[in-house]
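Position 111, counted from 1, in the sequence shown is what UniProt numbering calls 344; the numbers after and before it change by one each time, with no gaps. Structure first, then comments.
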Amino acid sequence: RNQFDIASVRRDFPILNERVNGHPLIWLDNAATTQKPQAVIDRLKYFYEHENSNIHRAAHELAARATDAYEDARTKVAHFLNAGSSKEIVFVRGATEAINLIAQAWGRRHIQQGDEIIISWIEHHANIVPWQMLAAEKGAKLRVIPVDDDGQILLDEYEKLLNPRTRIVSFTQVSNALGTVTPAHQMVQMAHRYGARVLVDGAQAVSHMPIDVQSLDCDFYVFSGHKVFAPTGIGVVYGKPDALEEMPPWQGGGNMIADVTFEKTVYQAPPSRFEAGTGNIADAVGLGAAIDYLDHIGMANIARYEHELLVYATRGLLTIPGLRLIGTAKEKAGVLSFVLEGFKTEEVGAALNREGIAVRSGHHCAQPSLRRMGVETSVRPSLALYNSFEDIDALIAALHRLKNLGA
Ligand code: PMP
234 RNQFDIASVR RDFPILNERV NGHPLIWLDN AATTQKPQAV IDRLKYFYEH ENSNIHRAAH
294 ELAARATDAY EDARTKVAHF LNAGSSKEIV FVRGATEAIN LIAQAWGRRH IQQGDEIIIS
354 WIEHHANIVP WQMLAAEKGA KLRVIPVDDD GQILLDEYEK LLNPRTRIVS FTQVSNALGT
414 VTPAHQMVQM AHRYGARVLV DGAQAVSHMP IDVQSLDCDF YVFSGHKVFA PTGIGVVYGK
474 PDALEEMPPW QGGGNMIADV TFEKTVYQAP PSRFEAGTGN IADAVGLGAA IDYLDHIGMA
534 NIARYEHELL VYATRGLLTI PGLRLIGTAK EKAGVLSFVL EGFKTEEVGA ALNREGIAVR
594 SGHHCAQPSL RRMGVETSVR PSLALYNSFE DIDALIAALH RLKNLGA
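Have a look at this one:
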């Protein structure tokens, strides 16, 4: 497909045929999790019907099939992120586990008392709490890059926070609460001038835009499979070879060792060193299938289509009297957040649900982001490649109806 064919894309997602409260389902909760194309569902079924085994290649035929499928998925992830090699890809449970792995394993070795860790004001709790825990344990300082009233990173303030004690900078590429796209490339370069490592949280970016970790030049990049049309329970850490090399293991167990005696254990090289125990083999394979699906459509095509959808939705929302957009950065992706005068956010969510429209109302695990914008909660419709202009029309019409009823 060269051109983006929305009707054809929608046919690929069986759940879009569901009816909810007498209406066709309109799934606008993509920032929480995405729906799965038939290709991913079929791939899981095929795995369990024809390939299922633990991954000890040499053991027998099915072990070889399962190992190949798992390692093929790793290669697909490497291509998806434009990593240098599949050895730079570690499978974990999701973005949360990915960040905890880096904070615990890399952080415990490289963060000392008085060192500084920088995050931004618009992080998901998953990119705040692990660093707080590490800072408390080590006597390190957690510093926070402020944002402006639109929810955009203040680069001048960031520059002031950077200093030779900065060991790592960890920030999101796209805010899950405000939709802000951060100037990630520039932020990485700035951190590197001070010798700091950089982690980019790609949880909200991967489904919306092409990712190139080599051009970003980040040291670590993490994401969750379930936000990119793959199953839950599988996620990824990309690490530059030298960054992974300087990271000790986190969990100990099978698969991550080269040799064990009671005196001493020799660890495997990355990525095996970080994959103790039996991993989520089938869902990794499912992630590979999701990436194939996206490759077929093309991330650049998806980004172009979604941008039009976001602009259209923003314009539509602003026609609703008393609606205030939360997060008005110039560059946004995927997420629209708002409050509606006269209504609690959960009332708006419930009203939309009655019409079959799924959005999230709440703090979206990003309380500092919303508080910076002067609210505790928001209503958050969020987009994916299968959302149509008609979905947006239905959302806007439902909000107009609610406003008219309530007023
Ligand atoms: N970071 C961001 C920006 C997110 O949006 C999310 C999920 N909402 C996470 C991290 C955590 O992802 P998970 O819950 O899949 O581990």
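Backbone N, C-alpha and C fix where the C-beta goes; we use that ideal spot for every residue, glycine too.
Is the shortest distance between the beta-carbon of A265 and the beta-carbons of chain D less than 8 Å? The displayed structure is made up of one protein chain only, and chain D is not part of it.
Quick one: residues in its chain with C-beta nearer than 8 Å to the C-beta of R234, no 5 flanking neighbours on either side, listed in chain order? Your numbering for residue 234 matches position 1 in the sequence shown. Low local confidence applies: a pLDDT of 43 at R234 is under 50, so the model's placement there is unreliable, with the coordinate-based value given in what follows. S241, H529, I530, G531, N534.
Out of W354, L632, A436, point me to the one whose CA is closest to T267's CA. Residue numbering aside, residue 267 sits at position 34 when the sequence shown is read from its first letter. The candidate whose alpha carbon is nearest that of T267 is A436.
What does DSSP give as the partner residues of P257 in its beta bridges? Counting from one through the sequence shown, the residue named residue 257 turns up at place 24. According to DSSP, P257 bridges with R252.
Simplified DSSP assignment, three categories, for R234: Translated into the one-based positions of the sequence shown, residue 234 becomes position 1. Here the model assigns R234 a pLDDT of 43, short of 50, so the residue's position is not dependable, and the following value carries that caveat. R234 carries a coil assignment under DSSP once its states are collapsed to helix, strand and coil.
Less than 7 Å separating the Cβ of H357 from some heavy atom of the ligand PMP? Translated into the one-based positions of the sequence shown, residue 357 becomes position 124. Yes, since a heavy atom of the ligand PMP falls inside the 7 Å radius drawn around the Cβ of H357.
Using 7 Å as the cut-off, classify the Cβ of A436 as near or not near the heavy atoms of the ligand PMP, replying yes or no. Within the sequence shown, residue 436 is the residue found at index 203, counting from 1. Yes, the Cβ of A436 comes within 7 Å of a heavy atom of the ligand PMP.
For my contact list, H441 and A536 are in at a C-beta cut-off of 8 Å; report their separation, rounded to the angstrom. For this step, residue 441 is matched to residue 208 along the sequence shown. For this step, residue 536 is matched to residue 303 along the sequence shown. About 6 Å separates the two Cβ atoms, so the contact holds.
Could you give the DSSP three-state label for G435: helix, strand or coil? Taking the first residue of the sequence shown as 1, we reach residue 435 at position 202. Correct three-state label for G435: coil.
Can you give me the C-alpha to C-alpha distance between I239 and D245, rounded to a whole angstrom? For the purposes of this step, residue 239 is taken as the residue at position 6 of the sequence shown. For the purposes of this step, residue 245 is taken as the residue at position 12 of the sequence shown. Cα-Cα distance, rounded: 10 Å.
Under the assumption that Y427 contacts Y454 (Cβ atoms under 8 Å), give the Cβ distance between them as a whole number of angstroms. The residue you call residue 427 lines up with position 194 of the sequence shown. The residue you call residue 454 lines up with position 221 of the sequence shown. Contact flag wrong, Cβ pair sits at about 20 Å.
Backbone CA spacing between S403 and D348 [nearest angstrom]: What you label residue 403 is simply residue 170 of the sequence shown in a count that begins at 1. What you label residue 348 is simply residue 115 of the sequence shown in a count that begins at 1. Going by the C-alpha atoms only, they are around 14 Å apart.
Cβ-heavy atom distance between residue 642 and the ligand PMP below 7 Å? Nothing about residue 642 can be read from this structure; the chain reaches only from 234 to 640.
Rounded to whole angstroms, what's the CA-CA distance from P503 to G485? Just pull it up for me. In the sequence shown, counting from the first residue as 1, residue 503 sits at position 270. In the sequence shown, counting from the first residue as 1, residue 485 sits at position 252. Each residue's Cα considered, the two are about 14 Å apart.
Between S594 and G582, which are expected to be in contact by the criterion C-beta below 8 Å, what is the C-beta distance as a whole number of angstroms? The residue labelled residue 594 in the question sits at position 361 within the sequence shown. The residue labelled residue 582 in the question sits at position 349 within the sequence shown. The pair is a contact, with the Cβ atoms about 3 Å apart (cut-off 8 Å).
Unbroken alpha helix (DSSP H) run spanning R298, endpoints: As a first step, residue 298 must be located in the sequence shown, where it is residue number 65. First-last of the alpha helix (DSSP H) with R298: 294 to 313.
Taking only runs of the alpha helix (DSSP H) that begin and end inside the segment 389 to 434, which ones reach a length of at least 4 residues, in chain order? 417 to 425
Measuring straight from C-alpha to C-alpha, what distance separates A509 and F324? For this step, residue 509 is matched to residue 276 along the sequence shown. For this step, residue 324 is matched to residue 91 along the sequence shown. So the alpha carbons of these two residues sit roughly 10 Å apart.
Output needed for F313: all residues of its chain with C-beta closer than 6 Å, excluding positions within five of it in sequence on either side, in chain order. Here residue 313 refers to the residue found at position 80 of the sequence shown. Correct list, in chain order: I524.
Please classify K577: is it buried, with 16 or more other beta-carbons within 10 angstroms of its beta-carbon, or exposed? Position 344 of the sequence shown holds residue 577. Looking at its Cβ environment, which holds fewer than 16 other Cβ atoms inside 10 Å, K577 is exposed.
Give a yes or no on whether the C-beta atoms belonging to S375 and I352 are separated by under 8 Å. As a working mapping, residue 375 is identified with position 142 in the sequence shown. As a working mapping, residue 352 is identified with position 119 in the sequence shown. Checking the displayed sequence, the identity of residue 375 turns out to be Leu instead of Ser. Result yes, Cβ atoms of L375 and I352 sit closer than 8 Å.
Is L569 helix, strand or coil when you go by DSSP? Working through the sequence shown from its first residue, we reach residue 569 at position 336. It is coil, neither helix nor strand.
Within the continuous beta strand (DSSP E) that includes A374, where are the two ends? Start at 1 with the first residue of the sequence shown, and residue 374 comes out as number 141. As written in the sequence, residue 374 is Lys, which differs from the Ala given in the question. Membership of K374 in the beta strand (DSSP E) is indicated by the continuous run 374 to 378.
Just grab the DSSP bridge partners of I352 for me. Start at 1 with the first residue of the sequence shown, and residue 352 comes out as number 119. Looking at the DSSP assignment, I352 forms a beta bridge with V377, S403.
In its own chain, which residues sit with a C-beta less than 6 Å from the C-beta of residue 676, not counting the 5 before and 5 after it? Because the chain spans 234 through 640 in this model, residue 676 falls outside it and cannot be assessed.
If you drop the 5 nearest sequence neighbours on each side, which residues of the same chain put their C-beta closer than 7 Å to that of F571? As a working mapping, residue 571 is identified with position 338 in the sequence shown. Once the five neighbours on either side are set aside, the close Cβ partners of F571 are L550, L556, R557, L558, I559, S611, V612.
Tell me whether the beta-carbon of N360 lies closer than 8 Å to the beta-carbon of L616. Counted from its first residue, the sequence shown places residue 360 at position 127. Counted from its first residue, the sequence shown places residue 616 at position 383. For N360 and L616, no; Cβs fall outside 8 Å.
May I ask you to verify whether the segment 454 to 466 touches the segment 509 to 519, counting CB pairs closer than 8 Å and requiring at least 3? yes
Tell me the DSSP secondary structure of G327 in three-state form. The residue given as residue 327 occupies position 94 in the sequence shown. Three-state result, G327: coil.
Locate the alpha helix (DSSP H) running through Y538, then write down its first and last residues. The residue given as residue 538 occupies position 305 in the sequence shown. Counting along the chain, the alpha helix (DSSP H) containing Y538 begins and ends at 532 to 550.
Let me check understanding here. Comparing Cα to Cα, which of G575, V544, P554 lies closest to V568? Taking the sequence shown and counting its residues from 1, one reaches residue 568 at position 335. The candidate whose alpha carbon is nearest that of V568 is V544.
Limits of the beta strand (DSSP E) - the one that F456 falls within: Residue mapping note: residue 456 aligns to position 223 of the sequence shown, counting from 1. 453 to 457 is the span of the beta strand (DSSP E), which, as asked, contains F456.
May I ask you to list the residues that DSSP assigns as paired with S602? Mapped onto the sequence shown, residue 602 falls at position 369. DSSP output for S602 lists no bridge partner at all.
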